[in-house]
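Everything in the sequence shown is counted per full-length UniProt numbering, starting at 1 for the first residue and increasing by one. Backbone N, C-alpha and C define an ideal beta-carbon position, used for all residues, glycine too. To keep things clear, I will list the structure first and then write my remarks on it.
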Amino acid sequence: MTAPAALKTAFVLGGGGVLGATQIGAMRALLQRGITPDLVVGTSIGAINGSFVAAEPSEDGIEALGELWAGLGSGRLLFDTGTSRGRRRWRPGRLRTHLYSPGPLLRILRQELPVQTFEELQVPFQCVAASVEHAVSHWFSSGKLPEAIAASCAVPGLFPAMRIGDEHFFDGGLVHSIPVGRAVSLGATDVYVLQVGRVEQALSPPRWPWQVGQVTFEIARRHRYLEEIASVPDRVRLHVLPTGTSDAPMVSLLHINRAFVLGRVNSAYDAAHAYLDEEERRSS
Numbered sequence: 001m002t003a004p005a006a007l008k009t010a011f012v013l014g015g016g017g018v019l020g021a022t023q024i025g026a027m028r029a030l031l032q033r034g035i036t037p038d039l040v041v042g043t044s045i046g047a048i049n050g051s052f053v054a055a056e057p058s059e060d061g062i063e064a065l066g067e068l069w070a071g072l073g074s075g076r077l078l079f080d081t082g083t084s085r086g087r088r089r090w091r092p093g094r095l096r097t098h099l100y101s102p103g104p105l106l107r108i109l110r111q112e113l114p115v116q117t118f119e120e121l122q123v124p125f126q127c128v129a130a131s132v133e134h135a136v137s138h139w140f141s142s143g144k145l146p147e148a149i150a151a152s153c154a155v156p157g158l159f160p161a162m163r164i165g166d167e168h169f170f171d172g173g174l175v176h177s178i179p180v181g182r183a184v185s186l187g188a189t190d191v192y193v194l195q196v197g198r199v200e201q202a203l204s205p206p207r208w209p210w211q212v213g214q215v216t217f218e219i220a221r222r223h224r225y226l227e228e229i230a231s232v233p234d235r236v237r238l239h240v241l242p243t244g245t246s247d248a249p250m251v252s253l254l255h256i257n258r259a260f261v262l263g264r265v266n267s268a269y270d271a272a273h274a275y276l277d278e279e280e281r282r283s284s
């Protein structure tokens, strides 16, 4: 879908795995206040959530997305190891570069998304992935949605690089963790940032080998995000919505559960309403 000439309000959805449940609560609050997007941009888990709100930018659309998340939290299969039912233990060398197949994610997107192409969306939507061959960010804005979203979610080591055409793509968080700059470049003047809470939490030196990659990646993603925030022109109103929680653990999507999802959704919902109340008070 071609972006309109006079964009105004943008929803920017960052990455963050299972913590992306916070974005559901924030979007629900925004839509209840009559704040609807003219543009949606997303990265990784934010690409999944963003595609749903772009397909149906209404409270009903967000409720459907919330039900999908609750279903995943109740044990719905999201990952497998390349076996028929995902039950057999992964064997080194079997999949070589990754642990999980993108098949279950693609199946869920094909089954649950209200539409299957960018052109069918009600609101212009773009998601980002990292091109392996060209070592640059690649923004998807046309064609098939499930494949583009899966590319934006292809976390290195967990999933294989997603092949689309003659290129391979990894997780969009490698190049744009919270793509504020993209929304601004597309003409947005009122930008609502739906981050998952990690940028609010202080980092600590890694204590275990597996934490080294997590911490270094987090440093890189925060640096890029802060650079983008600093470069936002004065004409743009920027709203960084709080998550309502004081912690943002590195929780794997493999360990998602319904209570965690609902807790994140409700906390973000309440925090977003409080934030918007304060904005209204200051402007009155």
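Residue nearest to S177 in terms of C-alpha spacing, selected from S44, V123, G71:
Per the Cα distances, S44.
Buried or exposed, going by whether 16 or more other CB atoms sit within 10 Å of the CB of R221?
Within 10 angstroms of the beta-carbon of R221 lie 16 or more other beta-carbons, which makes it buried.
Counting C-beta neighbours from all protein chains within 10 Å, is the total for I219 16 or more, i.e. buried, or is it exposed?
Counting of Cβ neighbours within 10 angstroms places I219 among the exposed residues, the total staying below 16.
Residues near E56 by beta carbon distance below 6 Å, same chain, minus five either side:
If we look at E56 and ignore the five residues flanking it on each side, its Cβ neighbours are P114.
Quick check on DSSP: helix, strand or coil for residue 330?
Residue 330 lies beyond the residue range present for the chain, which begins at 1 and ends at 284; the question has no answer from this structure.
Which term fits R281, buried or exposed, when burial requires 16 or more other beta carbons within 10 angstroms of its beta carbon?
Exposed, since its Cβ has fewer than 16 Cβ neighbours within 10 Å.
Per-residue burial, W69 [other beta carbons within 10 Å of its own, 16 or more giving buried]
Residue environment for W69: buried (at least 16 other C-beta atoms within 10 angstroms of its C-beta).
Excluding five sequence neighbours on each side, which residues of the same chain lie with their C-beta closer than 7 Å to the C-beta of R107?
So no residue of the chain qualifies.
Curious, which full-length alpha helix (DSSP H) runs of at least 4 residues does the region 134-192 contain?
Here the runs fully enclosed are 145-152, 180-185.
Check whether the Cβ of A29 sits closer than 6 Å to any heavy atom of the ligand GDP, and report yes or no.
This structure lacks the ligand GDP; in fact it carries no ligand of any kind.
Please state if the CB of R28 and the CB of Y269 are separated by a distance shorter than 7 Å.
Going by C-beta atoms, Y269 is nearer than 7 Å to R28.
Beta carbon of G50, beta carbon of L105: below 7 Å?
No, these two residues do not count as a Cβ contact at 7 Å.
With 16 other CB atoms within 10 Å as the buried threshold, where does E228 fall?
E228 is buried by the Cβ-count criterion.
In the DSSP assignment, find the beta strand (DSSP E) that holds R237 and state where it starts and stops.
Its beta strand (DSSP E) spans residues 237-240.
Going along the chain, which residues of its own chain have a beta-carbon closer than 6 Å to the beta-carbon of G46, five neighbours each way excluded?
Cβ within range, chain order: L13, G14, G15.
Among L39, G172, I35, E67, which has the Cα closest to the Cα of G17?
For G17, the closest alpha carbon among the candidates L39, G172, I35, E67 is that of G172.
So, helix, strand or coil for A202, using DSSP?
Residue state, collapsed to three classes: coil.
Assign D38 to buried or exposed, taking buried as 16 or more other Cβ atoms, counted over all protein chains shown, within 10 Å of its Cβ.
Per the 10 Å Cβ criterion, buried.
Rounded C-alpha distance that separates V175 from I35
Near 28 Å, if we compare the C-alpha coordinates of I35 and V175.
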